[in-house]
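The opening position of the sequence shown corresponds to residue 8 in this note's numbering, with each subsequent residue numbered one higher.
Just so you know, even glycine gets a beta-carbon here, dropped at the ideal spot from N, CA and C.
Please read all numbers here as calculations on a predicted model, not as lab measurements.
Inspection log for the structure reproduced underneath, given as structure tokens.
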Amino acid sequence: MNKKPAFVIYPPPSKDFPFLAVTLTPDGSASARPFHTEEEASAHNRGMAAQYIESQGAELARKLRSFRTLEPANKGV
8 MNKKPAFVIY
18 PPPSKDFPFL
28 AVTLTPDGSA
38 SARPFHTEEE
48 ASAHNRGMAA
58 QYIESQGAEL
68 ARKLRSFRTL
78 EPANKGV
């Protein structure tokens, strides 16, 4: 199973409906926001993806710090 969210843009079914920027998460939840243009929906999804990447970087940094505290103090011996 893919453990990353998916960021999708759905076009409107007819001209009176909006574009939908949809986020699907690994836990099965979904969120959708309407936008007047595909460009607006795409910009929203890029922002959401950037937030996700940033959060993963913070989580990776936390794990790395935790790992470093487990290393032996006398590495040179």
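One or two residues paired with PRO41 in a DSSP bridge: Paired residue(s): LEU27.
Whole-angstrom distance between LYS10 and TYR17, CA atom to CA atom: 22 Å
Residue nearest to LYS22 in terms of C-alpha spacing, selected from THR30, PHE14 and HIS43: HIS43
Same chain only: Cβ atoms within 6 Å of VAL15, ignoring 5 sequence neighbours per side: VAL29
Status (buried if at least 16 other CB within 10 Å, exposed otherwise) for PHE26: buried
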